[in-house]
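Data block below; observations after.
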Amino acid sequence: MSASTTTQKGPLAAQLAALSMPAVLFTVAMIAFPFCYTIWLSFQSISPTGMTRFEGVGNYVRMVGDDQFWNGIYVTAYLYLLSLFLQLVLGTALALLLFRAKKLPGIIRSLFISPFMMPPVVAGMMWLVILDPSLGAANYILTSLGLPPSAWLASPGFVVPTLALIDTWQWTPYVALIVLGGLQSLPPSVYEAAEIDGASRFRIFYRITLPLLLPTLVTATVLRSVDLLRFFDLIYITTQGGPANASTTLNIYGFRTGFEFFQLGYASALMVTLSVIVLGTVLVLNRLRNTVAW
Amino acid sequence: MTEVSETDRWMGRLNTVLLILAGVIVITPTVWMILSSFKFSHEVTAYPPKLFFTPTLANYATLSETTPFLHYGFNSIVVTASSTALGMLLGAPAAFVASWTRITWPAIVTLVARMAPGTLFLLPWYVMFRHAGMIGSYWSLILTHAVITMPIVIWVLLPFFDNIPRSVFEAAQVDGCSPFRIFRRIALPLVSSGLAVSAILAFVFSWNYFLFALVLSNSDTKTLIAASFNFIGEGSTNWGGLMAAATLIALPPLILATIVQRWLISGLTLGAVKG
Chain A
1 MSASTTTQKG PLAAQLAALS MPAVLFTVAM IAFPFCYTIW LSFQSISPTG MTRFEGVGNY
61 VRMVGDDQFW NGIYVTAYLY LLSLFLQLVL GTALALLLFR AKKLPGIIRS LFISPFMMPP
121 VVAGMMWLVI LDPSLGAANY ILTSLGLPPS AWLASPGFVV PTLALIDTWQ WTPYVALIVL
181 GGLQSLPPSV YEAAEIDGAS RFRIFYRITL PLLLPTLVTA TVLRSVDLLR FFDLIYITTQ
241 GGPANASTTL NIYGFRTGFE FFQLGYASAL MVTLSVIVLG TVLVLNRLRN TVAW
Chain B
1001 MTEVSETDRW MGRLNTVLLI LAGVIVITPT VWMILSSFKF SHEVTAYPPK LFFTPTLANY
1061 ATLSETTPFL HYGFNSIVVT ASSTALGMLL GAPAAFVASW TRITWPAIVT LVARMAPGTL
1121 FLLPWYVMFR HAGMIGSYWS LILTHAVITM PIVIWVLLPF FDNIPRSVFE AAQVDGCSPF
1181 RIFRRIALPL VSSGLAVSAI LAFVFSWNYF LFALVLSNSD TKTLIAASFN FIGEGSTNWG
1241 GLMAAATLIA LPPLILATIV QRWLISGLTL GAVKG
């Protein structure tokens, strides 16, 4: 018996390894190697013609003194925090509405998934037309209501809130469906006990539902953080980081440094920094999830 | 008692009203895009905007004349279908092995790949593909888009493979089946719905992906998404055409997403949430 398992062990392990080999090779060639290569590039200075010179930490020193870098950090943080706040609050509210509705026809669900399954680029094209300062429908609605029109994406002061609003339109239903999943997995017995005790709706939500939902909310925060900290498609298609760099996130700045100004070394340093920010945020949030788990 | 059920009824009505309101807010921009795509050019920029108008298919008809829309569409299909197929070929066996051996690193590596900004990979790829003279080729787009599709396939399929009772594999092994045979003849047929879901989600994400084609394609291999800039450039004078292009680009992912909506949330959240 033991002889047969040991003789089988070899070919078994070899066959399993062979099955996963294509994926491993692909991961090494297209993910792991490029990942390390970028870190190496971030310590180099590369001329547009492809000449490479070791730069040491020069790119990182330059970054600390670069106003554009700090602007990128500021825009990224502003857009991230505003969007995340709106999406969590509105998403939870929408989830509660969906949860109370009990039966949800498939067509309604399709309606709510349509914003976040359409390409962000299409969302950008669509909102460019709606938010057009002179002929767009949004300003028409505002002026009809007696409110002042806005330049929206063309306004340096309002471009980030506008982008946050578009992203919130696109991703709130996603957050809502995640929270809905959390609500549906809560044990009904806790509500019943609270209702028997005569607790008010608000108290039940605040004291029972919300604490039990915290792990789900942290999960939603992790998932949205990863996308929001790398915010790119929608900005690039609508404003390219403008007006006057007011919507130049770190990701946009890194992209433009690399592919418009062809400073590949410095762009790599910016992208390594952004990756550290994203991974760091995810690790911190994962810690947090363990502390709120029940 | 009756008083309580009365307030419950009102709360139920309020709930429905608020839900309809939310639905209207969610759907209105999309409806506006679709409506605008059926407007004549003088009506689409009319101010105040018109809700009622005589619909026309002119914008769709002229799309292939004013822009190489069909050519870009063909590129999108080639890149998306090939990268989905490649992602399935790489990801399905890897997910099977990860589930069998309970090794977690493939899941973690693909998770890191999912979290890192695309530009991080694009910089070295650009240098690599430039050396290989592959910039602008279909292959550069297919390989890079497989970095999007393979992790999706692995994450969607893992729970499907995990759900197969281990006794099935053990019985097959006793009968002398090799892992190759077990994978091909037993495991794959058992996860057929998982294969469909992962292929559809991979297709949608590859179709929607913007950044890689933005840099690695040329005017001949440009995908629809990357060509959006051209449409916006044209669209400053022709909103109807722009909205027609936007509607057509959004159509495939929206239809496919509706098909897999039961698995959508657990697929998108990489299994963190049971939808």
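Sequence order for the protein chains is A and B.
The working numbering numbers the first residue of the first sequence as 1 and each following residue consecutively.
The working numbering numbers the first residue of the second sequence as 1001 and each following residue consecutively.
Glycine is no exception: its CB is placed at the ideal position from the N, C-alpha and C atoms.
- In this structure the stretch 1239–1249 of chain B does not lie against the stretch 151–158 of chain A, because fewer than three pairs of beta carbons, one per stretch, are closer than 8 Å.
- For W127 of chain A, same chain residues with a beta-carbon under 6 Å away, outside a window of 5 residues either side, are I166 in chain order.
- Spanning the alpha carbons of A17 of chain A and V1097 of chain B requires a straight line of approximately 8 Å.
- The Cβ-Cβ distance between F1183 of chain B and S1099 of chain B does not fall below 8 Å.
- Contacts between L94 of chain A and chain B, judged by CB atoms closer than 7 Å, involve A1022 in chain order.
- Remark: fewer than three beta-carbon pairs, one from each stretch, lie closer than 8 Å, so the stretch 279–292 of chain A and the stretch 69–76 of chain A are not flagged as touching.
- Rounded to whole angstroms, the gap between the alpha carbons of P188 of chain A and M1115 of chain B is 35 Å.
- With fewer than 16 neighbouring CB atoms inside 10 Å of its own CB, V61 of chain A falls in the exposed class.
- Exclusion of the five residues before and after L1158 of chain B leaves A1095, A1098, S1099, A1107, G1271 as the residues of its chain whose Cβ lies within less than 8 Å of its Cβ.
- Its Cα nearest to that of L1264 of chain B, the residue B:A1202 stands out among B:A1202, B:M1088, B:A1146.
- For the stretch 121–137 of chain A, the set of positions with a beta-carbon nearer than 9 Å to some beta-carbon of chain B reads V121, V122, A123, G124, M125, M126, W127, L128, V129, I130, D132, S134, L135, G136, A137 in chain order.
- Sequence-ordered contacts of the stretch 1191–1213 of chain B with chain A read V1204, W1207, N1208, Y1209, F1210, L1211 [C-beta pairs closer than 9 Å].
- In the DSSP assignment, R53 of chain A falls within the beta strand (DSSP E) that extends over 52–54.
- The stretch 264–273 of chain A and the stretch 1120–1131 of chain B touch, with no fewer than 3 CB-CB distances between them shorter than 8 Å.
- The beta-bridge partner set that DSSP reports for Q44 of chain A consists of A:F54.
- For W1207 of chain B, the enclosing alpha helix (DSSP H) covers residues 1192–1208.
- Judged by their CB atoms, L180 of chain A and L81 of chain A are not nearer to each other than the 8 Å cut-off.
- Within the stretch 1071–1138 of chain B, complete alpha helix (DSSP H) segments of at least 4 residues are found at 1105–1115, 1118–1131, given in chain order.
- Annotation note: the stretch 1158–1186 of chain B contains the following uninterrupted alpha helix (DSSP H) runs of length 4 or greater, listed N- to C-terminal: 1166–1174.
- In this structure, DSSP gives S1036 of chain B a helical state, which the three-state scheme calls helix.
- Residues of the stretch 1085–1117 of chain B that bring their beta carbon within less than 8 Å of a beta carbon in chain A comprise L1089, L1090, G1091, P1093, A1094, F1096, V1097, A1098, W1100, T1101, P1106, V1109, T1110, V1112, A1113, R1114, M1115, A1116, P1117, in sequence order.
- N290 of chain A sits in a helix when the DSSP states are folded into three classes.
- Apart from sequence neighbours up to five positions away, the residues of its chain that approach N251 of chain A with a beta-carbon distance below 7 Å are R230, F231, F232, L274, ordered along the chain.
- Contact of F1231 of chain B with chain A by beta-carbon distance below 9 Å involves M125.
- At a Cβ-Cβ threshold of 8 Å, T1110 of chain B and I1142 of chain B do not count as neighbours.
- The three-state reading of DSSP puts R230 of chain A in coil, since its state is none of H, G, I, E or B.
- Setting aside the 5 residues that flank it on each side, T1045 of chain B is surrounded in the same chain by W1239, each with a C-beta closer than 8 Å to its C-beta; the list follows chain order.
- Considering only A:L214, A:S268, A:Q170, A:L223, the residue with the shortest C-alpha distance to I1025 of chain B is A:Q170.
- Here M1011 of chain B carries a helix assignment [DSSP, helix/strand/coil].
- When only Cα atoms are considered, P115 of chain A and I1186 of chain B end up about 38 Å apart.
- Proximity of Y60 of chain A to chain B, defined by a Cβ-Cβ separation below 8 Å, is not satisfied.
- Between T162 of chain A and L86 of chain A, the gap from beta carbon to beta carbon reaches 8 Å or more.
- In its own chain, leaving out the 5 sequence neighbours on each side, no residue places its CB closer than 7 Å to the CB of P1068 of chain B.
- As summarised for the stretch 113–199 of chain A, there are no continuous beta strand (DSSP E) elements at least 3 residues long confined to that stretch.
- Interface residue (Cβ-Cβ distance to chain A less than 8 Å): P1189 of chain B is not classified as such.
- If you look at S1266 of chain B, you'll find it in the alpha helix (DSSP H) that goes 1261–1268.
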